[in-house]
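>
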Amino acid sequence: MSWLHFAVLSPFLFTLIVPLLNKNIRRIHTGWFVLAIPLLLFIYFLGHFPLDPAVAPVVHSLPWIPSLGIHFTLYLDGLALLLLLIITGIGTLVVLYSIYYMSMEREALHNFYVYLLIFMGAMLGIVLSDNLLVLYGFWEMTSVSSFLLIAYWYQRSKSRYGAQKSMLITVSGGFSMLFGFILLHKIAGTFSIREIIAMSGDIADHALFIPAMLLILLGAFTKSAQFPFHIWLPDAMEAPTPISAYLHSATMVKAGVYLVARLTPIFGGNMEWFWIITIFGLITLFWGSFMAIRQNDLKALLAYSTISQLGLIMSLLGIGSAALNANFSDQALLFSGAALAAVFHLFNHSIFKGCLFMVIGILDHETGTRDIRKLGGLMSIMPISFTLTVIGGLSMAGLPPFSGFLSKEMFFTGVLTAARNMDQWVFLLPAVAWVASILTFVYCLILVFKTFTGPYQPQRLDKTPHEAPVGMLISPGILAVLVVVFFFFPNLLSLSLLEPALHSIMPNLLPPGERFDVSISAWHGFNTELIMTIGIILLGTMLYIYLKNWSGIYDTLPRKYTLNNAYDKGLTGMERMSLKFTSTYMTGFLHNYLSYIFVVMICLTAGTLLGQGVFTIDLSTNSSIELYEFMLGISVVIAAVYIVFSRSRMTSIIAVGSIGYMVSLFFVIFRAPDLALTQLVVETITTALFLLCFYYLPKMKKELSRLRFKISNLLISLGVGITLTLIGLSVQGHNLFDSIARYFENSYELAGAKNIVNSLLVDFRAFDTMLEIVVLFTAGIAVYNLIKLRENRRNNR
15 MSWLHFAVLS
25 PFLFTLIVPL
35 LNKNIRRIHT
45 GWFVLAIPLL
55 LFIYFLGHFP
65 LDPAVAPVVH
75 SLPWIPSLGI
85 HFTLYLDGLA
95 LLLLLIITGI
105 GTLVVLYSIY
115 YMSMEREALH
125 NFYVYLLIFM
135 GAMLGIVLSD
145 NLLVLYGFWE
155 MTSVSSFLLI
165 AYWYQRSKSR
175 YGAQKSMLIT
185 VSGGFSMLFG
195 FILLHKIAGT
205 FSIREIIAMS
215 GDIADHALFI
225 PAMLLILLGA
235 FTKSAQFPFH
245 IWLPDAMEAP
255 TPISAYLHSA
265 TMVKAGVYLV
275 ARLTPIFGGN
285 MEWFWIITIF
295 GLITLFWGSF
305 MAIRQNDLKA
315 LLAYSTISQL
325 GLIMSLLGIG
335 SAALNANFSD
345 QALLFSGAAL
355 AAVFHLFNHS
365 IFKGCLFMVI
375 GILDHETGTR
385 DIRKLGGLMS
395 IMPISFTLTV
405 IGGLSMAGLP
415 PFSGFLSKEM
425 FFTGVLTAAR
435 NMDQWVFLLP
445 AVAWVASILT
455 FVYCLILVFK
465 TFTGPYQPQR
475 LDKTPHEAPV
485 GMLISPGILA
495 VLVVVFFFFP
505 NLLSLSLLEP
515 ALHSIMPNLL
525 PPGERFDVSI
535 SAWHGFNTEL
545 IMTIGIILLG
555 TMLYIYLKNW
565 SGIYDTLPRK
575 YTLNNAYDKG
585 LTGMERMSLK
595 FTSTYMTGFL
605 HNYLSYIFVV
615 MICLTAGTLL
625 GQGVFTIDLS
635 TNSSIELYEF
645 MLGISVVIAA
655 VYIVFSRSRM
665 TSIIAVGSIG
675 YMVSLFFVIF
685 RAPDLALTQL
695 VVETITTALF
705 LLCFYYLPKM
715 KKELSRLRFK
725 ISNLLISLGV
735 GITLTLIGLS
745 VQGHNLFDSI
755 ARYFENSYEL
765 AGAKNIVNSL
775 LVDFRAFDTM
785 LEIVVLFTAG
795 IAVYNLIKLR
805 ENRRNNR
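Take 15 as the starting number for the sequence shown in this note's numbering and just add one per residue.
1. Assuming Leu90 is part of the alpha helix (DSSP H), what are its boundary residues?
2. Tell me Ile79's beta-bridge partners as DSSP assigns them.
3. In this structure, does DSSP put His74 in helix, strand or coil?
4. Report yes if the C-beta distance between Leu138 and Ala21 is below 8 Å; otherwise report no.
5. Beta-carbon within less than 7 Å of Phe47's beta-carbon, same chain only, minus the 5 sequence neighbours each way: which residues are those?
6. Quick one: grab the DSSP three-state call for Ser394.
7. Suppose you measure from the CA of Leu800 to the CA of Phe644; what does that come to, to the nearest Å?
8. Enumerate in chain order the residues of its own chain whose CB-to-CB distance from Leu23 is below 6 Å, with the five nearest sequence positions on each side excluded.
9. If you scan the stretch 214-239 from start to end, which runs of the alpha helix (DSSP H) of 4 or more residues do you find wholly inside it?
10. For Phe232 versus Val271, is the C-beta spacing smaller than 8 Å?
11. Straight-line CA distance for Phe86 to Gly584?
12. By DSSP, does Glu717 sit in helix, in strand, or in coil?
13. Quick one: Cα of Asn809 to Cα of Ile795, how far?
14. Note the first and the last residue of the continuous alpha helix (DSSP H) segment covering Leu512.
15. Could you check if Leu604 is buried or exposed, using at least 16 other CB atoms within 10 Å of its CB as the buried criterion?
16. Look up Ser753 in the DSSP assignment and say whether it is helix, strand or coil.
17. Would you say Ile100 and Thr265 are within 8 Å of each other, going by their C-beta atoms?
18. Mapping the DSSP letters down to three states, classify Asp385 as helix, strand or coil.
19. Three-state secondary structure (DSSP) at Asn145?
20. I think Ser329 touches Leu296, with their Cβ atoms under 8 Å apart; what is that distance to the nearest whole Å?
21. With the cut-off set at 8 Å, would you say Met116 and Pro254 are in Cβ contact?
22. Three or more beta-carbon pairs under 8 Å between the stretch 345-365 and the stretch 428-445, yes or no?
23. Does DSSP put Ser16 in a helix, a strand or coil?
24. Just verifying my parser: in three-state terms, what is the DSSP assignment at Asp311?
25. Could you give the DSSP three-state label for Ser206: helix, strand or coil?
26. Given a cut-off of 8 Å on the beta-carbon distance, is the pair Glu286 and Met227 in contact?
27. Using C-beta distances below 8 Å, list every residue in its chain close to Leu33, excluding the 5 sequence neighbours before and after it, in chain order.
28. Within its chain, find whatever has a CB closer than 6 Å to the CB of Leu413; leave out the 5 residues flanking it on each side and keep chain order.
29. Would you kindly report the start and end of the unbroken alpha helix (DSSP H) that includes Ala669?
30. Starting from the Cα of Leu348, find the closest Cα among Ile327, Val532, Phe193 and give me that residue.
31. So, are the CB atoms of Gly176 and Ile164 less than 8 Å apart?
32. Based on Cα-Cα distance, which residue from Val734, Asn38, Ile230, Phe455 lies nearest to Met546?
33. For Leu90, which option in Thr102, Pro77, Trp78, Ala70 has the closest C-alpha, if you only look at C-alpha atoms?
34. Could you tell me the alpha carbon to alpha carbon distance between Pro490 and Pro80, rounded to whole angstroms?
35. Hey, how far is the Cα of Asn362 from the Cα of Ser421?
36. Just to confirm the assignment, what range does the alpha helix (DSSP H) spanning Phe12 have?
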């Protein structure tokens with residue numbers, strides 16, 4: 015195992031220690047111990063910085079299921095390093111922030127940090143995985159850990175609702191993505207992303223290529239909250255603020271963006287990829303910014319702003335993918351600038367949005383509310399928080415001297431490039447981007463000025479506001495400093511981090527050895543992009559000043575026509591439909607359940623075999639039947655017939671047991687003493703259990719003795735018996751494959767076991783046996799918890 019593998023697994027391993035620390039060391043906040051994990055990982059990944067695009071990426075592989083082509087292969091290139099530094103760097107600041115935000119006395123810190131570490135490890139696995147199925151495993155792990163983190167305050171109904179909503183939408187998209195991965199494997203014959211990229215030119219014409227692309231995009235869109243799947247993100251804001259700052263601004267929602275960027279070398283030359291990502295990205299950009307303005311809750315405003323910014327990044331990746339299309343080979347470098355802007359804004363968004371979420375958490379923590387209508391006049395009371403909000407908010411608005419201005423100008427360059435160099439209605443892209451940016455400017459002004467300026471309303475606040483402690487200000491302060499530093503010195507990242515990431519997205523765009531020569535500057539002259547920015551400032555300011563005059567537009571759309579209402583109604587409708595359908599067959603009568611099972615088995619099994627014409631009986635190879643075997647078989651039949659006519663439960667159970675004991679005699683005759691012993695033990699235990707259970711059952715109802723009841727039982731019994739008998743007899747005439755018995759006869763040489771049955775259970779079926787043990791262990795834990803809960807209830811009475 016390499017150090018890279020250990021880096022991915024270390025957060026999972028530390029989760030085993032966190033509960034012990036929380037239980038045994040009560041005077042020290044658990045977060046101080048957890049802080050070491052993301053900090054050490056950040057330092058480790060920083061050791062790979064900067065990456066030279068001309069040097070081969072770091073690859074470490076660990077065989078997992080070689081027969082299926084599944085290996086735990088980790089792949090560290092420029093794109094992965096960018097995300098890794100975001101995950102671990104902001105993860106370090108979030109854990110530090112949480113130490114001061116999460117109370118030791120009131121919170122279950124061990125749960126909080128265990129969930130957080132699981133999520134961190136899963137994100138590292140997504141970013142580094144080269145195998146598609148391994149990536150999917152980590153992908154769903156982020157969904158589960160996110161569910162647990164959103165529902166951390168599970169006493170609140172809104173937390174449970176938000177967690178369920180995010181789980182249903184993202185996991186459904188994850189299943190879609192899994193099907194897309196399987197189709198991609200069907201096309202390319204491998205699960206390795208690097209190998210699929212190498213053969214991308216040969217698989218584009220395959221009939222399954224477009225379906226695979228659409229299914230994968232569905233998974234990416236649900237995870238990154240693209241329209242119309244964005245509805246889960248605002249409800250996820252019920253999580254504690256450190257979680258919102260980490261999952262829903264910097265990391266988890268970037269997973270879908272990362273997946274699109276990682277698979278762009280495979281699908282990027284396809285026009286469907288360009289149109290779908292660009293159009294949905296711009297729609298998400300517009301709708302997120304439009305809906306952010308109407309929010310009164312600061313975290314809800316930031317949630318919709320995150321949706322908007324994710325749409326911006328997605329649209330840039332879509333526009334940048336046009337560089338890989340042969341039709342645009344002359345303008346390839348122009349279009350690649352959009353992909354560079356996407357990578358740069360992905361980084362910028364993580365730092366300024368992480369800063370803003372932490373500041374909103376400070377406001378909530380120190381004032382007791384996030385409602386904009388109750389806030390105001392806090393500029394002089396909380397000057398540091400105000401300064402941090404100005405830096406983060408104006409960077410999100412795309413104003414200098416903040417790094418968001420640079421990536422926003424690059425965004426305008428990207429949409430203008432597409433409009434100038436492509437036909438059809440692409441000219442609309444700059445218009446949509448400009449309008450959305452105006453709305454973004456408006457909600458940024460709302461965030462800054464309505465929160466900190468205006469009349470001070472202490473009577474409407476739950477707490478007396480004051481500035482946050484220094485420890486809580488460190489993390490957003492560091493992020494705010496980075497926002498300013500990377501405006502004045504953007505090329506600190508351009509050659510060392512952004513260019514390697516761009517090479518990862520477009521590995522074959524340039525001849526080997528050539529560089530993109532990325533250079534970012536704040537001033538490009540008086541050009542169209544600058545005119546668009548001036549227009550945004552002027553119109554955005556006017557819209558903010560006259561907000562009350564036009565905000566009534568939000569009341570024109572009734573709630574019943576919203577996507578959230580469609581989700582709620584759809585979920586409620588499915589629950590009612592399932593309840594109604596389930597009640598038709600869940601009658602509480604065991605006889606009905608067994609009848610359903612046996613009838614379906616008869617119809618499917620016998621119907622299929624009859625349709626295929628495989629019922630053939632060949633007795634020519636049968637050995638002769640001895641008299642004692644014949645007599646034993648007659649005894650089994652007599653006992654079975656006796657059960658049918660028996661009127662006593664006790665005698666029926668004894669007759670069933672006698673059949674089992676006589677079957678064990680067949681095992682003895684056929685020289686299978688192990689099976690005979692097992693049959694005797696199982697039959698003894700089940701007979702005793704049946705006797706015990708049936709002794710306490712009520713007497714049989716009269717309707718059970720009716721003729722219709724008996725006839726249905728007779729028909730089902732005959733159907734099952736005849737079907738299984740015919741299958742058993744037909745198997746002898748269909749030797750389609752060579753017997754594997756001789757392979758297991760070598761059990762001593764293969765497994766060191768002198769007993770074939772034991773070697774089958776322990777060695778040849780080891781994985782199956784392990785899963786059975788896991789199931790029993792899980793069931794045992796559940797039973798133990800139920801007993802423990804019952805004891806606690808008794809003690810509390």
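All C-beta atoms, glycine included, are put in the ideal place defined by N, C-alpha and C. Bear in mind the structure is a predicted one, so any value in this text is a computation, not a measurement.
Taking the structure as given:
1. Here Leu90 belongs to no alpha helix (DSSP H); instead the beta strand (DSSP E) covers 84-90.
2. Ile84
3. strand
4. The answer is yes: Cβ separation under 8 Å.
5. Leu35
6. coil
7. 51 Å
8. none
9. 214-217, 223-237
10. Looking at the sequence shown, residue 232 is not Phe but Leu. Not closer than 8 Å, so no.
11. A direct Cα-to-Cα measurement between Phe86 and Gly584 gives close to 39 Å.
12. With a pLDDT of only 49 at Glu717, under the threshold of 50, the placement of this residue in the model should not be trusted; the figure read from the coordinates follows. The answer is helix: DSSP assigns Glu717 an H, G or I state.
13. 21 Å
14. From DSSP, Leu512 is part of no alpha helix (DSSP H); its letter is neither H nor E.
15. exposed
16. coil
17. yes
18. Three-state result, Asp385: strand.
19. strand
20. Taking 8 Å as the upper bound for CB-CB distance, Ser329 and Leu296 are in contact here, some 5 Å apart.
21. yes
22. yes
23. The three-state secondary structure of Ser16, taken from DSSP, is coil.
24. strand
25. strand
26. In this structure, Met227 lies closer than 8 Å to Glu286 by Cβ.
27. For the sequence presented, residue 33 should be read as Pro rather than Leu. These residues qualify, in order along the chain: His124, Val128.
28. The beta carbon of Leu413 sits closer than 6 Å to the beta carbons of Phe419 from its chain, once the five residues preceding and following it are set aside; these are given in chain order.
29. 663-683
30. Val532
31. yes
32. Phe455
33. For Leu90, the nearest C-alpha among the options comes from Ala70.
34. 45 Å
35. 8 Å
36. Residue 12 lies beyond the range of the chain shown here (15 to 811); nothing can be said about it.
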